[in-house]
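First the structure, in the form of structure tokens, and then the observations on it.
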Ligand code: PRP
């Protein structure tokens, strides 16, 4: 599998794994600088589409933590923030049954909603959550994901805003976890086998 991935127009160069993470991280897939640049560009795209209207940002717990914090700091729009808790992986790596652990507190009826997730994988999570939000009759719903791993898609779904398209590797860092570890890494990395049960 190539160590590179593509944004819309360019190939990204890889960076060295910091020594502290050598045992667990096979390689850096997206470094801090690349993340920062892309998040800024996404914010500009979103601002353009929402034309100054107030947006209700709905973020899915917990993988969005870093992406969300960076994205909303770049967004020059009036916004309100809410969270939904949904879990699909349990302690493993396969998407399974979805469990809702936190519901919305804000009323999104008639509002412009931006649904934010860290990764679009099989598409079960985003598909199910988007359907749930649509049933609440927002004025419009747009979806934004940092990572799009289309190789494993089982649902026919695409996100309106995508940070990076990535290959079928198990990614950690910048909010993404393996068994709740590694969320704090400032970059997106590939988990090193044999720690990774499905690389
Ligand atoms: C992960 C990730 C996405 C979802 C994507 O969530 O954060 O929400 O899986 O997978 P899918 O497209 O196959 O549905 P997870 O349940 O691991 O929770 P987390 O965000 O707390 O890590």
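Numbering (the numbering used here), first residue to last: 330 to 528. We put the CB at the ideal spot given by N, CA and C, even for glycine. Quick caveat: nothing in here was measured; it's all calculated off a predicted structure.
Environment of residue 301 [buried if 16+ CB atoms lie within 10 Å]: Residue 301 lies beyond the range of the chain shown here (330 to 528); nothing can be said about it.
Can you tell me whether residue 388 is buried or exposed, with buried defined as 16 or more other CB within 10 angstroms of its CB? Locating residue 388 in the chain shown gives position 59, counting from the first residue. Buried, by the Cβ-count rule.
Which residue comes first and which comes last in the alpha helix (DSSP H) that contains residue 412? Your numbering for residue 412 matches position 83 in the chain shown. Where residue 412 is concerned, there is no enclosing alpha helix (DSSP H), although the beta strand (DSSP E) it sits in stretches over 408-416.
Rounded to whole angstroms, what is the Cα-Cα separation between residue 438 and residue 390? Numbered from 1 along the chain shown, position 109 holds the residue referred to as residue 438. Numbered from 1 along the chain shown, position 61 holds the residue referred to as residue 390. Using only the alpha carbons, I get a separation of about 21 Å.
Going by the C-beta, is residue 416 closer than 7 Å to any heavy atom of ligand 1? The residue you call residue 416 lines up with position 87 of the chain shown. Yes, since a heavy atom of ligand 1 falls inside the 7 Å radius drawn around the Cβ of residue 416.
Tell me which residues share the same chain as residue 384 and place their Cβ nearer than 6 Å to its Cβ, disregarding the 5 neighbours each side in the sequence. Against the chain shown, residue 384 aligns to sequence position 55. Once the five neighbours on either side are set aside, the close Cβ partners of residue 384 are 406, 408, 441 and 443.
Cβ-based burial, residue 513 [other Cβ within 10 Å; buried from 16]: Within the chain shown, the letter at position 184 stands for residue 513. Residue 513 should be labelled exposed.
Whole alpha helix (DSSP H) elements within the region 440-482, 4-residue minimum: 453-463
Comparing C-alpha positions only, which one of 483, 468 and 373 sits nearest to residue 436? Here the question's residue 436 lines up with position 107 in the chain shown. Among 483, 468 and 373, the Cα nearest to that of residue 436 belongs to 468.
If contacts are defined as beta-carbon pairs under 8 Å, then residue 518 and residue 358 qualify, I think. What distance do you get, rounded to the angstrom? As a working mapping, residue 518 is identified with position 189 in the chain shown. As a working mapping, residue 358 is identified with position 29 in the chain shown. Rounded, the Cβ-Cβ distance is 6 Å, consistent with contact.
Drop a sphere of 10 angstroms on the beta-carbon of residue 420, count the other beta-carbons inside from all chains shown, and report buried for 16 or more, exposed for fewer. Translated into positions along the chain shown, residue 420 becomes position 91. Low per-residue confidence applies at residue 420: pLDDT is 48, beneath 50, and the placement is therefore not dependable, though the value from the model is reported in the following sentence. Label assigned to residue 420: exposed.
Going by DSSP, name the residue or residues bridged to residue 356. Taking the first residue of the chain shown as 1, we reach residue 356 at position 27. The partner list for residue 356 (beta bridge, DSSP) reads 519.
Given 8 Å as the limit, is there contact between the region 397-406 and the region 360-374, that is, 3 or more CB pairs closer than that? yes
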